[in-house]
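Step one of this worksheet: look at the structure below.
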Amino acid sequence: MSGAGGKAALDRRAFVAKLMRSIPDALVVTGLGSSAYDVFAAGDRDRNFYLWGAMGGATPLGLGLALARPRDSVVVITGDGEQLMGLGSLATVGVQRPANLTIVVLDNGHYGETGMQPSHTRLGTDLVAVAKGCGIGDAFPVERLEDADAVARRVNARGGTAFALVSISAEEPPRALPLRDGVHLKNRFRAQLGLAPF
Amino acid sequence: MTGVDGGAIASDAADWPEALFQVLKRGGVRQVAYVPDAGHAHLIRRAQADPEMRDVVLTTEEEGVALAAGAWLGGERAVLLMQSSGVGNCVNMFSLLQSCRFPFLALVTMRGEYAEFNPWQGPMGRHAQGAMELMGIAVHRVSDPADVAEVAGAALDAAFLAGEPVAVLLSQRLVGRKKWQRK
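Protein chains in written order, with our numbering: chain B, 38 to 235; chain V, -9 to 173.
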């Protein structure tokens, strides 16, 4: 099955697992739904913060985190629908451009959680062009599994804000559900940074 | 009056915008997120000029709720500046505050309640406080310039010492009449 643009579409779990293996130190924020399941399926870690709601919030949340932790790599891993709801946040990121922030949008061109209705990326929106137009110059499409290494290099280098639009298959792998207790997720995330659980 | 560190905070009531800035500065706020409003103009200028603060202009106020949560995850204090109309833009994002019990501090300039020229400001202005309270945010309203620093300081402590979601509403009478004709 093809992704947003009918291009060669990657297996989402394989891509995310490969990326996560290469960025062991990164602080990771996920959007709600399938992208959270993908990151969790790659192995739970205290430095993952999974959203279960707050749709449209993954990128601005990652921005606040990146500004607060300039010496850590921050990665937002979210879906096309979640990013579309927070489209304006790409303009906000484009103004700040923290060197340590990478946004990875897993694009299957559909709203997977709600019955696979086509999303705007399948119907015409080009998120790479949007990101570039917002001032995120290092915005690029990803269509091969091995390109996970190129994304990981950017994450680990902290050399500029990057935006990767990953063309994934619309097939839905079995759900892998992370913890849903937001207070616990927040406290364990802060604890591994040496911050009080609060 | 004195600030949290015992130093004097601007006590000239007429200069409440500067007093507000001093509260944030002394309170260790590092990220100042905003959708511009004339009532916040001084605070925004001061934040832009301060090397210890990062001013973050937003396209919509709900980004600021998520940004503040991310800042706190990373150990920084943030504040969200907005106008009452922006409260409505935030409602679902406010669920993040309750679900994860994030500290939250917002300063909201009011419209639609006093000497308002534009009737379109009325509906959201009348319900900004109610909408925040419905979403679990404690709301303190200030109308007297002499109270601004005290109430903002109390809200800042409640947010970052007790972990509460708190908003300070700066009433339209305090902010002053908007000039409708440019000369």
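Just so you know, even glycine gets a beta-carbon here, dropped at the ideal spot from N, CA and C.
For ARG195 of chain B, no CB of chain V lies under 9 Å from its own CB, so it is not counted at the interface with that chain. Among the CB atoms of chain V, none fall inside 9 Å of the CB of ALA166 of chain B. Your pair ARG191 of chain B and THR115 of chain B does not check out as a contact, with CB atoms roughly 17 Å apart and the cut at 8 Å.
Taking a beta-carbon distance threshold of 9 Å, PHE94 of chain V does not count as an interface residue toward chain B. For THR96 of chain B, the enclosing alpha helix (DSSP H) has its first and last residue at 95 to 105.
For HIS130 of chain V, the enclosing beta strand (DSSP E) has its first and last residue at 128 to 132. With a contact defined as Cβ atoms closer than 8 Å, SER74 of chain V and MET43 of chain V miss out at about 24 Å.
Excluding the 5 residues flanking it on each side, ALA142 of chain V has same chain C-beta neighbours closer than 6 Å at LEU10, VAL13, VAL158, in chain order. Beta-bridge analysis with DSSP links MET72 of chain V to V:VAL98. Distance from GLY78 of chain V to MET114 of chain V at the Cβ level is roughly 5 Å; contact confirmed, criterion being Cβ atoms closer than 8 Å. One Cα belongs to GLY149 of chain B, the other to GLU209 of chain B, and the distance between them is close to 8 Å. In the three-state reduction of the DSSP assignment, PRO7 of chain V falls in the helix class, which pools H, G and I. In terms of beta-carbon proximity, LEU232 of chain B lines the interface with chain V, with at least one pair separated by less than 9 Å. In the structure shown, SER156 of chain B falls within a coil segment according to DSSP collapsed to helix, strand and coil. Distance from the CA of GLY68 of chain B to the CA of GLY90 of chain B, rounded to the nearest whole angstrom, comes to 8 Å. Shown here, SER71 of chain B sits in a helix according to DSSP, grouped into three states. In terms of beta-carbon proximity, ALA56 of chain V lines the interface with chain B, with at least one pair separated by less than 9 Å. Between ASP45 of chain V and VAL81 of chain V, the gap from beta carbon to beta carbon reaches 9 Å or more. A Cβ-Cβ separation of about 6 Å places LEU182 of chain B in contact with LEU47 of chain B under the 8 Å criterion.
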